[in-house]
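Quick mapping for you: the protein sequence lines, in order, are chains W and R.
Take the first sequence: its letter number 111 is residue 111 in the working numbering, and every next letter is one higher.
Numbering-wise, the working numbering comes out as the position in the second sequence, counting from 1, plus 1000.
One structure is given below, encoded as structure tokens.
Protein chains: 2
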Amino acid sequence: MAARSEEQVLEAIEARRRRPHVKLMDQHVTLSHGAGGKASHVLTEMVFLRAFENPALRALGDAAAVTGDLVMSTDAFVVRPLTFPGGDIGELAVNGTVNDLAMAGAVPLALTAAFVIEEGFPTADLERIVVSMAAAARAAGVHVVAGDTKVVERGKADGLYVTTTGLGRVRPGLALDPASIRPGDRVLVSGTLGDHGMAVMIARGELELEIDLESDTAPLHDLTRVLLDAAGDHVRCLRDPTRGGLATVLNELALSAELAIVVDEAAVPVRPGTNGACEILGIDPLYVANEGKLAAIVAPEAADAALAALRAHPLGADAAIVGEVRGEPPGMVLLDTAFGGSRVVDMLAGDPLPRIC
Amino acid sequence: MAARSEEQVLEAIEARRRRPHVKLMDQHVTLSHGAGGKASHVLTEMVFLRAFENPALRALGDAAAVTGDLVMSTDAFVVRPLTFPGGDIGELAVNGTVNDLAMAGAVPLALTAAFVIEEGFPTADLERIVVSMAAAARAAGVHVVAGDTKVVERGKADGLYVTTTGLGRVRPGLALDPASIRPGDRVLVSGTLGDHGMAVMIARGELELEIDLESDTAPLHDLTRVLLDAAGDHVRCLRDPTRGGLATVLNELALSAELAIVVDEAAVPVRPGTNGACEILGIDPLYVANEGKLAAIVAPEAADAALAALRAHPLGADAAIVGEVRGEPPGMVLLDTAFGGSRVVDMLAGDPLPRIC
């Protein structure tokens, strides 16, 4: 998108204010409902929150408080293809849930895994994926304690779907909460953005692009630990920018905290290959899924210490301070572009990258 | 099956002993791998246990010990059709996981739910199913605290798959364990068998049967509570005979305890309609899934008290003592038939009732 004038930005903000908070539901579920953007939020609000109303779910964090210092998180994985440069659905399913727990400041205690397998799926492929899950669980220091397997007829799945659920224990004394975000807080990311989504898209072979990209899938529990050791109470909240990317996560936080977040485009780390693939596809890397990166909102006085801690960790070498929280306009994410302009970074309306995780 | 002579039974036992414990794997996953019988056990042993090796998973209970008094259980639901007499996939998914926790003697603390939805699925159907899940969760006194939604393209699912995971806390001082089973223990079931599986099969409309059957889907946490109040330490272990039915559950327990279980066919409660449908399909109701029944192994001195407690509960009105544990032949389940003969009740080899849960 081209940079917009200040008037255009103000106009967009006004239009957003006038828009009803929740749109009427579509009559059928579309791929957009699974993309993590606007349609997903409407579905969550209108169907799931309405029926399951409870404070733990309502908080809509990466993991939900259960009782005492315990948190839980669940994720279904439907990525296509099942194996891609840098990982596979098994590793992704373990890391994805470990990371959701880590974003709640929790150490993983146990994982469960449920498999829906399409009839005719090669047993050797299943074995390879399960071995990869086991390796990822070992790397995260957690056991898969329970599981389930269902088989459906040919044509009723796409090889294999995996749902992992994690139980974690929150670091003592920690209180990560978007409500604690204040104007002046800094936005940090732990490394380059968009690598997972682009690696998966290219692995599908439909784009006829020959770019060497690897998924960034990695467990973030240890990176989170060093960050919290360094910046402790000054860390307001953590998110892993998966489906919908950093743009979606920052929109959720801006809405929840009723504050604005301004991102400096020039400061956002993106690999040249990922950037090239995004340009060819016309997709902003801010919207592309990451599976081994975290975003942290940190009080200004601790931002440098947090950045140094991230950079000292192998998974945080490319960490950067990419933005700042402001008071106005509430609920909005703005991008200061490399061209000196500014534009609204809204939630995704469609689904440019289906089945990325 | 016709009743076999004693020689035939002895022959079957000998054949079973000669059989290698774990067969070589098939090269492709088949529906049998999802049926809960022999193929499922081979897959679990050869793929999942081998990769995920840990004591909690190895125990292969309905729910796995996590830490302290916490247990977890996960289940994927792929039942077809999504709605059937007596329930729907949503209610089933909540009750199924609540029951797995209850069979570990645990009170549910929290549930999570993950949805894989096929593009084009009617939003109104999703809403109805989610409302039904919420009602089931309220009935079991538990919240759905976390969730996830993924959407896959048309033809890559069958409407909707739901995976629920539960966290529970085990009743203080309770130690349910198949290793505590002793010769002389009684086998109790809490009611009529086979209703869920047959209701779902008939709801598919492929059988051209006009029998009025309802699924027995129900949460068993309260029935379990009254049973444990009445028989406490005398309850050796509990199982809910879902996929694969009572026959599968008893085979697992007999193998695990290295004891024999003898079932009295005449004592097994089966509704006439269910029995009729089973006869037409040539399926033994012992192999048919239940979703609101428990099987309990109880010390002989407490069997009557346990039975009375079950019968006093609305979900246990048809409870019965259906069998007894013996020392020999170890690992076998035998049925004393109504005709005075005896036959081996082996694990399922194929999958006569696919996608029943």
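Beta carbons: idealized from backbone N, C-alpha and C, even for Gly.
A quick note: this is a predicted structure, and the numbers were derived from the prediction, not measured.
Legend entry - Span of the alpha helix (DSSP H), counted from its first residue to its last, around R1128 (chain R): Per DSSP, R1128 (chain R) belongs to the alpha helix (DSSP H) from T1123 to A1139.
Inset, instruction - Note down, in chain order, every chain W residue with its Cβ under 7 Å from the Cβ of A1056 (chain R). - result: Simply H143 and V145.
Inset, instruction - Using a Cβ cut-off of 7 Å, pull out every chain R residue sitting near L43 (chain W), in sequence order please. - result: Within 7 Å Cβ-Cβ: T1149.
Inset, instruction - Return helix, strand or coil for S73 (chain W), following the three-state DSSP convention. - result: Shown here, S73 (chain W) sits in a strand according to DSSP, grouped into three states.
Inset, instruction - Measure from the C-beta of A338 (chain W) to each C-beta in chain R and report whether the shortest distance is under 8 Å. - result: By this cut-off, A338 (chain W) is not an interface position.
Inset, instruction - Report the three-state DSSP secondary structure of A254 (chain W) (helix, strand or coil). - result: In this structure, A254 (chain W) counts as helix in the three-state DSSP scheme.
Inset, instruction - Kindly confirm or deny that the region 1028-1042 of chain R and the region 1236-1251 of chain R touch, where touching means at least three C-beta pairs closer than 8 Å. - result: Touching, per the Cβ criterion.
Inset, instruction - Out of R:D1026, R:L1031 and R:G1155, state which residue places its alpha-carbon closest to the alpha-carbon of D1351 (chain R). - result: Considering only alpha carbons, the answer is R:L1031.
Legend entry - Nearest residue (CA-CA) to V1071 (chain R), options R:V1079, R:D1062 and R:F1077: For V1071 (chain R), the nearest C-alpha among the options comes from R:D1062.
Inset, instruction - Examine chain R for any beta-carbon lying closer than 8 Å to the beta-carbon of V22 (chain W), and answer yes or no. - result: A caution first: V22 (chain W) carries a pLDDT of 47, below 50, which makes its placement in the model too unreliable to give a value.
Legend entry - Residues near V333 (chain W) in its chain [Cβ-Cβ closer than 6 Å; skip 5 each side]: Only L250, N251, A254, I261 and V345 meet the Cβ criterion.
Legend entry - Spatial neighbours of A1065 (chain R) in its chain, beta-carbon cut-off 6 Å, leaving aside the 5 residues before and after: Counting only Cβ-Cβ distances below 6 Å, and skipping sequence neighbours, we find A1056 and V1071.
Inset, instruction - Quick one: residues in its chain with C-beta nearer than 8 Å to the C-beta of A1140 (chain R), no 5 flanking neighbours on either side, listed in chain order? - result: These residues qualify, in order along the chain: V1094, N1095, V1098, P1108, P1219 and H1221.
Inset, instruction - For P1108 (chain R), name the three-state secondary structure that DSSP assigns. - result: Under the three-state reduction of DSSP output, P1108 (chain R) falls in the strand class.
Legend entry - Cβ-Cβ distance between F77 (chain W) and S215 (chain W) below 8 Å: No, they are not a contact pair.
Legend entry - 8 Å Cβ cutoff, Y1161 (chain R) in contact with chain W: For Y1161 (chain R), the answer is yes, since a Cβ of chain W falls inside 8 Å of its Cβ.
Inset, instruction - Taking a Cβ distance cut-off of 8 Å, strictly less, list which residues of the region 72-84 of chain W are near chain R, in chain order. - result: Cβ contacts with chain R: M72, S73, T74, D75, A76, F77 and V78.
Inset, instruction - Keeping to the same chain, check which residues put their C-beta closer than 6 Å to that of M133 (chain W); ignore five residues upstream and five downstream. - result: Excluding sequence neighbours, M133 (chain W) sits near G90 and V94.
Legend entry - Straight-line Cα distance separating R225 (chain W) from A175 (chain W): A175 (chain W) and R225 (chain W) have their alpha carbons spaced roughly 14 Å apart.
Inset, instruction - Kindly give me the distance between the Cβ atoms of V270 (chain W) and L348 (chain W), rounded to whole angstroms, as I take these residues to be in contact under 8 Å. - result: The Cβ separation is near 18 Å, so there is no contact.
Inset, instruction - Compute the Euclidean distance between the alpha carbons of V1022 (chain R) and V1042 (chain R), then round it to the nearest angstrom. - result: The predicted model places V1022 (chain R) with a pLDDT of 47, which falls under 50 and marks its position as unreliable; any figure quoted below should be read in that light. Just so you know, the alpha carbons of V1022 (chain R) and V1042 (chain R) end up roughly 6 Å apart.
Legend entry - Limits of the unbroken alpha helix (DSSP H) element including E1279 (chain R): Here the alpha helix (DSSP H) through E1279 (chain R) covers P1272 to L1281.
Inset, instruction - Spatial neighbours of V142 (chain W) within its chain, please: CB distance less than 6 Å, with the 5 preceding and 5 following residues excluded, ordered by chain position. - result: Correct list, in chain order: P108 and L111.
Legend entry - Residues near V151 (chain W) in its chain [Cβ-Cβ closer than 7 Å; skip 5 each side]: I117 and E119, listed in sequence order.
Legend entry - Own chain residues within Cβ distance below 6 Å of V144 (chain W), not counting five before or after: Only L111, A113 and A137 meet the Cβ criterion.
Inset, instruction - Label D1088 (chain R) either buried or exposed according to how many other C-beta atoms from any shown protein chain fall within 10 Å of its C-beta, with 16 as the threshold for buried. - result: Buried is the call here.
Legend entry - Buried versus exposed, by CB contacts within 10 Å (16 or more), G292 (chain W): Its Cβ being crowded by 16 or more others within 10 Å, G292 (chain W) is buried.
Inset, instruction - Please compile the residues from chain W whose C-beta is within a distance smaller than 8 Å of the C-beta of K1038 (chain R). - result: Residues of chain W passing the Cβ test: none, with the nearest at roughly 14 Å.
Legend entry - Option in R:Y1161, R:H1234, R:A1102 and R:A1157 with minimal Cα separation from V1130 (chain R): Cα-wise, what sits closest to V1130 (chain R) is R:Y1161.
Inset, instruction - Look at the alpha carbon of D304 (chain W) and the alpha carbon of S190 (chain W), and state the distance between them as a whole number of angstroms. - result: In a straight line, the C-alpha of D304 (chain W) is about 13 Å away from that of S190 (chain W).
Inset, instruction - With DSSP collapsed to three states, give me the class of A3 (chain W). - result: Note that A3 (chain W) scores a pLDDT of 46, beneath 50, so its modelled location is shaky; the value from the coordinates is reported in the next line. Assigned with DSSP and collapsed to three states, A3 (chain W) falls in coil, not helix or strand.
Legend entry - Top-ranked residue by Cα proximity to D1100 (chain R), from R:R1128, R:V1170 and R:I1356: Answer by Cα proximity: R:V1170.
Legend entry - Contained alpha helix (DSSP H) runs [length at least 4] in the region 1149-1208 of chain R, N- to C-terminal order: Within the region 1149-1208 of chain R, the complete alpha helix (DSSP H) segments at least 4 residues long are 1195-1203, listed from N- to C-terminus.
Inset, instruction - Taking N1290 (chain R) as the reference, give the member of R:G1168, R:A1146, R:G1166 and R:L1353 with the closest Cα. - result: The shortest Cα separation from N1290 (chain R) among R:G1168, R:A1146, R:G1166 and R:L1353 belongs to R:L1353.
Inset, instruction - Compute the distance between the beta-carbons of I1297 (chain R) and D1185 (chain R), then report whether it is under 8 Å. - result: A distance below 8 Å separates the beta carbons of I1297 (chain R) and D1185 (chain R).
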